[in-house]
């Protein structure tokens, strides 16, 4: 297991006991935005604070943005301070959906050059390991707000994507389910389909039957097939709104293929401009 970015329940318990980490619960339901917080209050990993996807890990939506724009840096820094995070302390994120949401927080920490990891298997793995939950709000001591500096080279814009349409030098990977990629259904956005040329790599394929990440060797083999000889920094990850795309980016990092980019706006931003082309069907 890559102990730099992925920890087991046993490892997390040791970190908590030693006081060496900040734990963040990222449970969220895209159709019921209050559910994650209520679930967290009912029971969470001891000491875990809550991160609300819409309020803490995203900025307000605009007419030209996707559904989850990246939050303003100062606002995110305030969230981290309120969560009890400071300096180089490891942040460990989890959710109840095999890290589909918590991967966004992991990526944001990476974006600011700060250490973070995911709990392999999420909350279910913690409970299966026999560790207890606690309820209510934990007594967290807030830290001083620290200055953060983002690495803009880790993201790709809609302009960049448009310029790369049809280019054999860039690989766009779409993390959504096959039926959304194909345009057969669209439960969240106003138009269905995918960015022309994007390949479908559902984030669920990063996981085994227990909801844990597959081995780095297995993941590397599959992603290298998609890269067709290109370097990882020629890969752009997309999804519906820049959330599950982070899961694929994480999987590539776990597989020893670092440096791929995130398109934060993803499909929900792409379709805000009616002049941008869309594709449907199972092929790129």
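Residue numbers (the working numbering): 9 to 292.
We put the beta carbon where it would ideally sit given N, CA and C, even for glycine.
- By the Cβ rule, the region 165–177 does not count as touching the region 143–155, because fewer than three pairs are nearer than 8 Å.
- DSSP, reduced to helix, strand and coil, places residue 29 within a strand of the structure shown.
- Three or more pairs of CB atoms, one per stretch, sit closer than 8 Å, so the region 269–285 contacts the region 152–164.
- Distance from residue 137 to residue 90 at the Cβ level is roughly 28 Å; contact not present, criterion being Cβ atoms closer than 8 Å.
- The distance from the Cβ of residue 250 to that of residue 76 is about 5 Å, consistent with a contact at the 8 Å cut-off.
- Rounded to the nearest whole angstrom, the C-alpha separation of residue 59 and residue 157 is 20 Å.
- Rounded to the nearest whole angstrom, the CA to CA distance from residue 262 to residue 221 is 9 Å.
- Residue 52 and residue 171 have their C-alpha atoms some 44 Å from each other.
- Residue pairing from DSSP places residue 125 in a beta bridge opposite 100.
- Scanning 288, 133 and 202 for the CA closest to the CA of residue 216 turns up 133.
- Non-local C-beta neighbours of residue 234 in its own chain, meaning closer than 7 Å and more than five positions away in sequence, comprise 179, 181, 207 and 209, ordered along the chain.
- Straight through space, the alpha carbons of residue 139 and residue 117 are spaced by roughly 26 Å.
- Under the three-state reduction of DSSP, residue 52 is assigned to strand.
- Under the three-state reduction of DSSP, residue 58 is assigned to strand.
- In the three-state reduction of the DSSP assignment, residue 163 falls in the strand class, which pools E and B.
- Under the three-state reduction of DSSP output, residue 76 falls in the coil class, being neither helix nor strand.
- Of the other Cβ atoms in all chains shown, 16 or more fall within 10 Å of the Cβ of residue 64; this residue is therefore buried.
- In terms of Cβ geometry, residue 108 and residue 126 do not form a close pair [threshold 8 Å].
- Between residue 14 and residue 104, the beta carbon gap of about 17 Å keeps them out of contact (Cβ cut-off 8 Å).
- For residue 245, the enclosing beta strand (DSSP E) starts and ends at 243–246.
- Here the C-alpha atom of residue 99 lies approximately 14 Å from the C-alpha atom of residue 84.
- By the neighbour-count criterion, in which 16 or more other beta carbons inside 10 Å mark a residue as buried, residue 229 falls on the exposed side.
- Annotated as proximal: residue 97 and residue 29, with beta-carbon spacing under 8 Å.
- Residue environment: residue 252 is assigned as buried (16 or more neighbouring CB atoms within 10 Å of its CB, all protein chains considered).
- Per the C-alpha coordinates, the member of 92, 39 and 36 positioned closest to residue 27 is 92.
- Buried is the label assigned to residue 56, since at least 16 other Cβ atoms lie within 10 Å of its Cβ.
- Rounded to whole angstroms, the Cβ separation of residue 200 and residue 288 is 7 Å, and the two are in contact under 8 Å.
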